[in-house]
Amino acid sequence: MMMRRICLLLLVCLLQLSAFAQAVVGTWKGDLKVGQVKLSLIFHVSKDTCTLDVPAQCAFGIPASLKELTDTSLTVIMYGLEAGYQGKIKDGQFVGTFTQMGMTFPLTLTRFQEVYNRPQEPKEPYPYKTEEVTISTPDAKLAGTITYPVGWKQGKKVPLAVLVTGSGQEDRNEEIFRHKPFLVIADFLARNGIATLRCDDRGVGGSTGDVANATTFDFAKDASHELDYARKRGQFSKVGIIGHSEGGSIGFILGAQKKLDFLVSMAGPGIPMDSILYLQNVNTLKQVGMPTNITKEEVRKKIMDSDPSPWMVAFLNYDPSNDIKATTCPVMAINGDKDVQVDAAHNLKAIKELLPANKFSMVKSYPGLNHLFQHCQTGQPAEYTNIEETISEDVLADMAQWLKGL
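According to our numbering, the sequence shown holds residues 13 to 418 in order.
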């Protein structure tokens, strides 16, 4: 997702054990409160290692530096962030403080057993055929899965959607916050007569390729190769994209190049990216009860002064309006009205105004849904992991119905 490029909390260190206590081995969770925001930190403590999860920022399995572990105390340091935790056992809990860059916050850790119920996630055996594929390009090798519809037989042409992930390197299931949205989408569409191709992003899973210097336009090239691969197989009646977040932008980039038979933009941007980041900052400040009298120029300057990655520079300077205007294929543009990452009101309004006339195109805002199209309370990423729903059944049904009607 877009915020993942901008705000990862914790970085990497190796650890050295000074003392070990078997009694405190296990998983410990605490809620860090900063203003009105609550951020869960989960420490996995073993004999000689410690890892940290920050679910709200989609950061899992991060090595931490375990400096002290005894029957009564725990000290963890994150050198790269000038952060650390120090606590002592009291009534079966670690009671202590979390410090970062000179600020200190109380943090109590309690034993925690991770159980994530995902009722929509399909389980094998599937009632449809899947095929593992590898797509070779000049810049990368892309590993993926074609999922065929239930009852599909060789020689029967069906529509195929290439699934394109949001920002940040993700696997073919777009696994984020312990959810697998693209696996759920592929399964639902297969049960409704529609094939899908979903690939690991370059540098993830079975895919290779340069990530450090890659931008949205490089990822658009990857998606273009996936479209070409699907067309060359000669098995599919229509080939288009279902793109989430940045994947929606990639869809419009390729739509402008006349590469698509259709496009589903799921929370795809319709306004310039610096405006997206500005609105994200305003929404975050509102949540913590802080003044929102910042300007877009201030947000932009702060990012540019931080030695941003090539991806961020390209992202910050991208305006999707011309690509949206040039996308003449049928478009289904959707958003949740509680999305705090790609604001529905601003972005859907822009897309609706910019899209060329097409009798099949539609723009829809879903009440009560967040950036992942889950039913939610606040829309903040901190909720994503704890919500059992992966994606609204209404969104899945509308998507399938729209695709079958083309």
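Every residue gets a Cβ at the ideal spot worked out from N, C-alpha and C, and that includes glycine.
For residue i, three-class secondary structure by DSSP
i	result
Met324	helix
Gly263	helix
Ala33	Unreliable positioning characterises Ala33 in this predicted model, as indicated by a pLDDT of 47, which lies under 50. The coordinate reading is nonetheless provided below. It is coil, neither helix nor strand.
Met374	strand
Val216	coil
His383	coil
Thr227	coil
Gln389	coil
Asn204	coil
Ser148	strand
Leu367	coil
Val46	strand
Asp65	strand
Thr122	strand
Lys233	helix
Asn398	helix
Trp414	helix
Residue i burial status per 10 Å Cβ neighbour count (16 or more: buried)
i	result
Pro193	buried
Ser404	buried
Phe229	exposed
Asp331	exposed
Ser318	exposed
Val127	exposed
Met411	buried
Gly417	exposed
Leu26	With a pLDDT of only 28 at Leu26, under 50, the local geometry of the prediction cannot be trusted, and no value is derived from it.
Pro161	buried
Val37	exposed
Cys19	Here Cys19 scores only 38 on pLDDT, less than 50, and its place in the model should not be relied on; the value that follows carries that caveat. By the neighbour-count rule (16 or more Cβ atoms within 10 Å), Cys19 is not buried but exposed.
Thr157	buried
Gln413	exposed
Ser148	exposed
Residue(s) in a DSSP beta bridge with residue i
i	result
Glu7	As displayed, the chain neither begins before 13 nor continues past 418, which places residue 7 out of reach and without an answer.
Val174	Leu209, Ile253
Ala409	The partner list for Ala409 (beta bridge, DSSP) is empty, contrary to what the question assumes.
Thr116	Thr111
Ile89	Ser77, Gly96
Ile101	Phe106
Cβ pair residue i, residue j closer than 8 Å
i	j	result
Ser219	Ala155	yes
Phe189	Pro67	yes
Ala242	Leu172	yes
Pro420	Thr109	There is no way to answer for residue 420, as the model of the chain reaches only from 13 to 418.
Gln98	Thr87	yes
Gly223	Arg210	The amino acid occupying residue 223 in the given sequence is Val; Gly does not appear at that position. No, Cβ-Cβ distance for Val223 and Arg210 is not below 8 Å.
Gly282	Ile363	yes
Val275	Ser236	First, the amino acid is wrong: residue 275 is Leu here, not Val. Not a contact, by the Cβ cut-off of 8 Å.
Val343	Asn295	no
Lys308	Ser287	yes
Top-ranked residue by Cα proximity to residue i, from the options
i	options	result
Val57	Asp234, Val343, Ile74	Ile74
Leu346	Thr122, Thr208, Gly280, Thr157	Note that residue 346 is Ile in the sequence shown, not Leu. Nearest C-alpha to Ile346: Gly280.
Ser333	Pro161, Ser261, Asp43, Leu291	Ser261
Glu186	Glu133, Thr82, Thr142	Glu133
Asn382	Asn370, Lys371, Ala357	Ala357
Glu80	Cys62, Gly47, Ala338	Cys62
Thr5	Val107, Glu365, Ile206, Gln105	Residue 5 lies beyond the stretch modelled for the chain, which goes from 13 to 418, so this question has no answer here.
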